[in-house]
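What follows is a short report on a single structure.
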Ligand code: SGN
Ligand code: CA
């Protein structure tokens, strides 16, 4: 009898054990199923002026716009350091450049940094990254990745894969990255787990080579000029005057404007930069004979016309011509990005994945599209400091909403970790955007901190740091010069006039100086670090590692 009682008791214990094990497991899975997927889409150098959800003057991006229609459009999203690899490091670590150490495109990324994908992966997320990273090392915390080496190529690019080493792909880079992404979603995604997917375009980075279907379409288009195309930088300091980002004087004729090298010789046009013809020969040299044939035909016609017109063109005509050429190729590149985004959004919808998925579209920074006569980025001024940001998350973000808070790329890590129910490391420096997503977070950030380092280097934008509030921008160019600039963001939207020495702004200036000093302390930046990074940069320069 005793034996029977014992075995009944044992069976009961085991049964309860199995039951609770199953319950815990199901709860785990239930939680996992409820945790949102995250699709992080980022392109390289995509200006908000070239997204129709922000501005319809230049082009149409119906698919990217869908994210804002179904979610939120951020009108004042900005970066902490407007340049490629540093921006990516800020995004992954949730820390400013001076703390994560990737201050410019040259310094190596310190792989002992903890990145949010590592934490997501540890918490049970499936993680994948496809496209441009630009770090010089492979990403940590990814179950799968396929990334372009360095800047990557537009046509028939090489790709570094986690599983099979380096491969050469045939086709157009934006379409290839989209296909790899769709293939992963279709065939490699683990339906048992939530996922984090980084879908990262190279386009529309310089030297702006669109897909065949788009250059044929865009090469005859005309675009409205920005009001400041012929800026002469009066009223501003040496940094604005001494940069090398001018469309007329610093853009390459072959590489950027696609004037064939032999035609440059014929017309007696000198290279703006020693790598001009070489870059062009290299990029089109990657094309296969069919791709090359269509390229030569289409751009050949443009070249013929240019040869006819060039002798009578004034400097002003040349500037206008270069702006049109620039926009044709830049916006042509964006057309493929937009199509790719559409395909990914369609896939999510068709596979019932869109309800529980956060979709983010952003760029690693903003970009000049002829404003102030410039291309490229780097400056604290709006076109490069601000970046596009569109986010949808059905059930959390109200469709068609707009937000004007100064959110930063610094905030992504903590946002994604909170969405996934993972605690953020205490040394991350951003703020989760989730209150904003939920329609709260009114006074999110009253001042943003910015610090750019890469100088002297290509485009010659001097080192500077500064504070940005809703109404003002105070900037210190501290190397090579020692100049302060103050801009009134409300009354001088194009940032044409430095009012630092205008007595009317004396009290504003004083207050901003104090606030900036406090921000430097808050974020643990300092003159000691500024000097240390200058010294380290000089060491790289001495080793011939800096590109001008
Ligand atoms: C290259 C480009 C520059 C660009 C940097 C950094 N020149 O050097 O125009 O500013 O990359 O860009 S190119 O003729 O080689 O294209 S970043 O996006 O990687 O920071
Ligand atoms: Ca970039």
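Numbering (our numbering), first residue to last: 6 to 553. Note that CB positions come from ideal geometry on N, CA and C, so glycine has one too.
> Taking just the CA atoms, how far does residue 304 sit from residue 530?
Replying inline: 48 Å
> If you measure from the CB of residue 83, is any heavy atom of ligand 2 nearer than 7 Å?
Replying inline: no
>> Within 8 Å, do at least three Cβ pairs link the stretch 275 to 292 to the stretch 152 to 170?
In response: yes
>> Below 7 Å, is the gap between the Cβ of residue 552 and the nearest heavy atom of ligand 1?
In response: yes
> Between which two residues does the alpha helix (DSSP H) carrying residue 47 extend?
Replying inline: Not the alpha helix (DSSP H): residue 47 falls in the beta strand (DSSP E), residues 42 to 48.
> Any idea if residue 30 is buried or exposed, counting beta-carbon neighbours within 10 angstroms, 16 or more meaning buried?
Replying inline: For residue 30, the predicted structure reports a pLDDT of 40, less than 50, and the residue's modelled location is therefore unreliable. A value from the coordinates is still provided. Exposed, by the Cβ-count rule.
> Who does residue 394 pair with in a DSSP beta bridge?
Replying inline: 79 and 367
> Is the stretch 162 to 178 close to the stretch 303 to 322, with three or more CB pairs under 8 Å?
Replying inline: no
> Three-state secondary structure (DSSP) at residue 5?
Replying inline: As displayed, the chain neither begins before 6 nor continues past 553, which places residue 5 out of reach and without an answer.
> Got a sec, what are the start and stop residues for the alpha helix (DSSP H) residue 223 sits in?
Replying inline: 217 to 223
>> Does the contact criterion of 3 or more C-beta pairs under 8 Å hold for the stretch 525 to 539 versus the stretch 436 to 445?
In response: no
>> Just to confirm the assignment, what range does the beta strand (DSSP E) spanning residue 408 have?
In response: 406 to 408
> Alpha carbon to alpha carbon, how far is residue 223 from residue 192?
Replying inline: 35 Å
> How big is the Cα-Cα spacing for residue 539 and residue 550?
Replying inline: 14 Å
> residue 47 and residue 369: beta carbons closer than 8 Å?
Replying inline: yes
>> Which residue wins for smallest C-alpha separation from residue 302, given the options 115, 244 and 220?
In response: 220
> Sorry if obvious, but does the Cβ on residue 370 come closer than 7 Å to a heavy atom of ligand 2?
Replying inline: yes
> Over what stretch of residues does the alpha helix (DSSP H) that includes residue 339 continue unbroken?
Replying inline: 320 to 355
>> For the beta strand (DSSP E) containing residue 489, name the first residue and the last one.
In response: 488 to 493
>> Measuring alpha carbon to alpha carbon, tell me which residue in 127, 60, 232 and 339 is nearest residue 500.
In response: 232
> Taking the beta strand (DSSP E) that residue 471 falls in, what are its first and last residues?
Replying inline: 469 to 473
> How many angstroms separate the CA atom of residue 74 from the CA atom of residue 404?
Replying inline: 6 Å
> With a cut-off of 8 Å, do at least 3 Cβ pairs link the stretch 62 to 82 to the stretch 408 to 420?
Replying inline: Touching, yes, given that three or more Cβ pairs across the two stretches are closer than 8 Å.
> Whose C-beta lies closer than 7 Å to the C-beta of residue 553 among residues of the same chain, with five residues either side of it excluded?
Replying inline: 461, 462 and 463
> In the DSSP assignment, what are the bridge partners of residue 163?
Replying inline: 173
>> So for residue 152, helix, strand or coil by DSSP?
In response: strand
> Is the stretch 184 to 202 close to the stretch 348 to 357, with three or more CB pairs under 8 Å?
Replying inline: yes
> Under a three-way DSSP split, which group does residue 428 fall into?
Replying inline: coil
>> I'd like the span of the beta strand (DSSP E) that includes residue 131, first residue to last.
In response: 131 to 137 is the extent of the beta strand (DSSP E) around residue 131.
> What are the residues that DSSP puts in a beta bridge with residue 237?
Replying inline: DSSP output for residue 237 lists no bridge partner at all.
>> What would DSSP say about residue 51, mapped onto helix, strand or coil?
In response: coil
> Where are the beta strand (DSSP E) runs, 3 residues long or more, that stay fully inside the stretch 475 to 533, in chain order?
Replying inline: 477 to 482 and 488 to 493
> Of the choices 382, 395, 541 and 279, whose alpha-carbon is the least far from that of residue 88?
Replying inline: Ranking 382, 395, 541 and 279 by Cα distance to residue 88 puts 382 first.
>> So, with DSSP's three-state summary, where would you put residue 189?
In response: Under the three-state reduction of DSSP, residue 189 is assigned to helix.
> By a C-beta neighbour count over all protein chains shown, 10 Å radius and 16 as the cutoff for buried, is residue 400 buried or exposed?
Replying inline: exposed
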